[in-house]
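A quick write-up on the structure given underneath.
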Amino acid sequence: MTSKRTARLARALGLVSAIALVGGLPASVALSADGPVTPAQTLHPEKWPAATASRLIDPAIEKKIDALMAKMSVEEKVGQTIQGDISTIKPADLRKYPLGSILAGGNSGPGGDDRAPAQAWLDLADEFYRVSVEKRPGHTSIPVIFGVDAVHGHGNIGAATIFPHNIALGATRDRDLLRRTGEVTAREMAATGIDWTFAPALSVVRDDRWGRSYEGYSEDPEIVAAYAGAVVEGIQGHYGSKEFMKPGRTVATAKHFLADGGTDGGRDQGDAKITEEELVRLHNAGYPPAIDAGVLTIMTSFSSWQGIKHHGNKQLMTDVLKGRMGFNGFIVGDWNAHDQVPGCTKYNCPTSLIAGLDMYMASDSWEQLYKNTLAQVKDGTIPMARLDDAVRRILRVKFHAGLFDKPAPKDRKDVPAISTLGSPENRAVGREAVAKSLVLLKNQGGVLPLSPKAKVLVAGDGADNIGKQAGGWTISWQGTGNRNDEFPGATSILDGVKAAVAAGGGSVAYDKDGKFTSKPDVAIVVFGEEPYAEFQGDVETLEYQPGDKSDLALLKKLKAQGVPTVAVFLSGRPMWVNPEINASDAFVAAWLPGSEGNGVADVLFRNKDGKVNRDFNGKLSFSWPKTAVQTPLNRG
Ligand code: BGC
Ligand code: BGC
Numbered sequence: 001m002t003s004k005r006t007a008r009l010a011r012a013l014g015l016v017s018a019i020a021l022v023g024g025l026p027a028s029v030a031l032s033a034d035g036p037v038t039p040a041q042t043l044h045p046e047k048w049p050a051a052t053a054s055r056l057i058d059p060a061i062e063k064k065i066d067a068l069m070a071k072m073s074v075e076e077k078v079g080q081t082i083q084g085d086i087s088t089i090k091p092a093d094l095r096k097y098p099l100g101s102i103l104a105g106g107n108s109g110p111g112g113d114d115r116a117p118a119q120a121w122l123d124l125a126d127e128f129y130r131v132s133v134e135k136r137p138g139h140t141s142i143p144v145i146f147g148v149d150a151v152h153g154h155g156n157i158g159a160a161t162i163f164p165h166n167i168a169l170g171a172t173r174d175r176d177l178l179r180r181t182g183e184v185t186a187r188e189m190a191a192t193g194i195d196w197t198f199a200p201a202l203s204v205v206r207d208d209r210w211g212r213s214y215e216g217y218s219e220d221p222e223i224v225a226a227y228a229g230a231v232v233e234g235i236q237g238h239y240g241s242k243e244f245m246k247p248g249r250t251v252a253t254a255k256h257f258l259a260d261g262g263t264d265g266g267r268d269q270g271d272a273k274i275t276e277e278e279l280v281r282l283h284n285a286g287y288p289p290a291i292d293a294g295v296l297t298i299m300t301s302f303s304s305w306q307g308i309k310h311h312g313n314k315q316l317m318t319d320v321l322k323g324r325m326g327f328n329g330f331i332v333g334d335w336n337a338h339d340q341v342p343g344c345t346k347y348n349c350p351t352s353l354i355a356g357l358d359m360y361m362a363s364d365s366w367e368q369l370y371k372n373t374l375a376q377v378k379d380g381t382i383p384m385a386r387l388d389d390a391v392r393r394i395l396r397v398k399f400h401a402g403l404f405d406k407p408a409p410k411d412r413k414d415v416p417a418i419s420t421l422g423s424p425e426n427r428a429v430g431r432e433a434v435a436k437s438l439v440l441l442k443n444q445g446g447v448l449p450l451s452p453k454a455k456v457l458v459a460g461d462g463a464d465n466i467g468k469q470a471g472g473w474t475i476s477w478q479g480t481g482n483r484n485d486e487f488p489g490a491t492s493i494l495d496g497v498k499a500a501v502a503a504g505g506g507s508v509a510y511d512k513d514g515k516f517t518s519k520p521d522v523a524i525v526v527f528g529e530e531p532y533a534e535f536q537g538d539v540e541t542l543e544y545q546p547g548d549k550s551d552l553a554l555l556k557k558l559k560a561q562g563v564p565t566v567a568v569f570l571s572g573r574p575m576w577v578n579p580e581i582n583a584s585d586a587f588v589a590a591w592l593p594g595s596e597g598n599g600v601a602d603v604l605f606r607n608k609d610g611k612v613n614r615d616f617n618g619k620l621s622f623s624w625p626k627t628a629v630q631t632p633l634n635r636g
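As numbered in our numbering, residues 1 to 636 make up the sequence shown, in order.
Take a look at the structure:
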């Protein structure tokens with residue numbers, strides 16, 4: 001079999017790592033799925049935005065790093081560059097394998113329980129921390145850093161304030177609000193002893209069939225660029241001020257570098273077949289402002305550019321990001337994503353470190369990867385200078401994060417208490433975000449805003465379904481199967497409607513299927529996509545409910561009975577819903593609002609004096625398609 005055919009076959013089978021079967025090429029030669037990379041795929045750092053200032057370099061910190069590194073063994077240095085997932089690593093393992101970091105992936109929770117309460121997270125963070133710093137002969141005490149996907153609030157925990165996903169925040173056009181969502185997320189994380197979030201995603205989403213569309217603020221690079229700095233500042237505090245990384249702040253991650261939203265066909269982890277000019281102009285837009293805001297880590301993308309996997313792209317990570325753009329924090333990999341680099345497996349991948357990756361996300365592969373990487377440093381495959389640079393960057397972040405000064409997670413007095421998760425103040429920010437993100441797509445005859453004195457029917461399977469309104473990355477990776485009682489303190493959209501109508505003196509009846517005994521003045525029908533995350537959410541077309549149309553049938557049934565209907569559409573992307581829009585009197589894109597469903601009623605209803613309570617404010621940050629196959633569709 002020729003190497004080209006092997007590669008094609010591998011790709012067809014979805015076994016990208018099987019490209020490693022192509023023998024005889026040195027690790028430094030990049031391969032695309034179709035063969036060796038041609039010189040046309042070279043990047044030109046001078047065409048990328050130059051760093052505006054040197055960030056994160058503080059001479060006092062650099063001296064501390066020098067002193068620490070002088071004491072570290074090569075084993076400890078290699079350990080810093082590897083992160084294991086809590087589903088496979090236990091605190092005691094750190095005694096044998098001195099890893100620098102742990103994470104809890106989307107499906108991982110303390111003690112193997114995705115639904116573990118906040119206290120269990122704090123306990124676990126505390127245990128790992130204590131082992132990492134304990135005094136033992138031959139051990140350099142370096143706090144481990146714990147990362148989670150707090151991508152819309154501290155969403156691993158049902159009691160937390162769960163914000164609308166980024167697609168909704170994109171519609172608010174409110175930078176200060178975005179900053180505040182970052183602040184609340186960081187505070188709630190800090191309460192559970194976790195110091196690092198893999199957020200914000202700075203994806204510029206160019207094909208809405210992508211299952212991660214909702215993680216991006218916009219298809220428009222200007223909007224992403226306008227938010228990037230604000231969110232990073234919210235999470236980490238204002239760089240250069242006393243607020244930066246003070247207790248109650250956490251380390252942010254700009255992700256996924258680069259062009260995760262630019263892959264062909266919107267395929268997750270796919271290939272961006274675009275020019276270097278588009279990489280710079282579209283997909284890189286959010287990174288310079290994030291770097292200016294002092295973002296401490298950047299996650300490299302699973303995806304590739306012109307066939308070159310980012311996890312092996314030295315020009316992009318080293319020459320462009322660290323060199324030209326002056327990023328001085330560290331680059332973390334994605335979930336075993338180094339596995340997709342030609343010549344690598346998840347257990348063995350010197351190419352990534354050599355190319356500029358500083359920390360491997362070696363979820364379940366950390367033990368073998370640690371052993372192999374150590375051997376490769378010892379035999380010179382990985383230059384010591386590269387390892388030292390990676391370790392320096394990781395320690396730099398840990399010093400900025402105050403990890404060497406903070407006590408153990410359970411002993412931290414100056415961070416919010418666990419009881420503040422989902423506090424009224426925090427939820428108020430979520431509710432504001434929900435209200436500001438709603439986009440009115442149709443309002444025939446001025447049905448909206450509704451009177452709270454009305455007789456209201458609420459229908460649709462999204463009306464009383466907090467899991468559905470929160471979407472993916474909520475409690476579990478996919479966000480499926482979550483029950484309302486797993487979100488203590490949260491409100492469904494129905495709860496919000498009931499409260500608004502109770503205040504106004506009207507009445508509410510709820511029936512999922514829209515049945516009623518006495519005719520309502522108006523029906524609010526809440527429906528939309530089921531939760532999904534990553535590649536599980538990739539779709540072929542943007543048609544809503546292909547081959548099913550049960551929600552359309554519900555809308556039509558109400559219309560036929562002469563009931564004016566307000567459709568509230570829950571989705572992680574714009575979709576082709578023309579039939580549903582035509583069957584409704586008013587149509588609201590509500591995205592994935594998260595735990596504060598009452599923010600929806602704030603806009604749908606007038607207040608009890610008949611005045612507009614909160615006007616519609618949201619503006620689309622994604623183009624809405626006219627047909628199911630109108631993709632890609634983007635401004636400009
Ligand atoms: C995702 C990242 C995430 C990581 C850890 C990956 O599969 O692509 O966005 O941060 O998992 O859960
Ligand atoms: C993890 C996620 C991760 C995904 C990647 C899941 O098992 O829980 O965090 O993003 O795998 O494929």
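Every residue, glycine too, gets a C-beta built ideally from N, C-alpha and C.
Run of the beta strand (DSSP E) containing residue i, from where it starts to where it stops
i: Gln368; result: Run containing Gln368: none in the beta strand (DSSP E); it sits in the alpha helix (DSSP H), Trp366 to Lys378.
i: Phe257; result: Thr253 to Phe257
Residue i: CB within 8 Å of a non-hydrogen atom of ligand 1
i: Glu183; result: no
i: His256; result: yes
i: Gly362; result: Before going on, a small fix: residue 362 reads as Ala here, not Gly. No, the Cβ of Ala362 stays beyond 8 Å of every heavy atom of ligand 1.
i: Phe146; result: no
i: Ala201; result: yes
i: Gly106; result: yes
i: Leu94; result: no
i: Asp149; result: yes
i: Leu296; result: no
i: Leu43; result: no
i: Glu76; result: no
i: Asp513; result: no
i: Phe569; result: no
i: Met299; result: yes
Contacting residues, own chain, Cβ-Cβ under 6 Å from residue i (five flanking each side not counted)
i: Thr192; result: Ala118, Trp121 and Leu122
i: Trp624; result: Pro574
i: Leu103; result: Gln83, Asp85 and Gly147
i: Gly504; result: Pro452, Lys453 and Lys608
DSSP beta-bridge partners of residue i
i: Trp477; result: DSSP output for Trp477 lists no bridge partner at all.
i: Val612; result: Arg606
i: Asp458; result: The question names Asp, yet the displayed sequence has Val at residue 458. Tyr510 and Ile524, per the DSSP bridge assignment.
i: Ile162; result: Gly153
i: Glu596; result: Thr491
i: Ala589; result: Val439 and Phe569
i: Phe330; result: Thr297
i: Gln83; result: Ser101 and Met361
i: Thr309; result: This sequence places Lys at residue 309; Thr is not what is there. In DSSP, Lys309 forms a bridge with Ser304.
i: Ile145; result: Ser101
i: Ser218; result: Val204
i: Thr42; result: Partner(s): none; Thr42 has no beta bridge.
Delimiting residues of the alpha helix (DSSP H) encompassing residue i
i: Leu395; result: Met384 to His400
i: Thr181; result: Arg175 to Ala191
i: Gly467; result: Ile466 to Ala470
i: Gly270; result: Element bounds for Gly270: n/a, residue is neither H nor E.
i: Gln119; result: Ala118 to Val133
Beta-carbon contacts of residue i that lie in its chain and below 7 Å, excluding the five residues immediately before and after
i: Lys442; result: Ile581, Ser584, Ala586 and Phe587
i: Val508; result: Val456, Val458, Val497, Lys498 and Val501
i: Thr381; result: Pro350
i: Ser28; result: Low confidence applies here, because Ser28 scores a pLDDT of 39, under 50, leaving its location unreliable and the question unanswered by this model.
i: Ile223; result: Gly170, Tyr217 and Ser621
i: Pro91; result: Glu127, Phe128 and Val131
Proximal residues to residue i (C-beta, below 8 Å), its chain only, five neighbours per side dropped
i: Lys619; result: Ala171, Arg173 and Val439
i: Gly323; result: Pro45
- prompt: Just checking, does the region 69-78 make contact with the region 437-450 on the three C-beta pairs under 8 Å criterion?
  reply: no
- Query: Any chance the region 268-281 sits against the region 303-321, with 3 or more Cβ pairs inside 8 Å?
  - Reply: yes
Check whether the region 387-396 and the region 418-426 touch, using three or more Cβ-Cβ pairs below 8 Å as the test. no
**OP:** Specify whether the region 555-566 and the region 129-136 touch according to this definition: at least 3 beta carbon pairs, one from each stretch, less than 8 Å apart.
**Re:** no
Quick one: any contact between the region 489-496 and the region 540-555, if contact means 3 or more CB pairs under 8 Å?
-> no
Discussion item. Assess contact between the region 247-255 and the region 198-205, defined as three or more Cβ pairs (one per stretch) separated by less than 8 Å. Is contact present?
Written reply: yes
Check whether the region 429-437 and the region 596-616 are in contact - that is, three or more C-beta pairs closer than 8 Å. yes
(message) Counting beta carbon pairs with one atom in the region 315-334 and one in the region 352-367, are three or more of them shorter than 8 Å?
(response) yes
query = Do the region 257-268 and the region 158-170 meet, that is, are 3 or more Cβ pairs less than 8 Å apart?
reply = no
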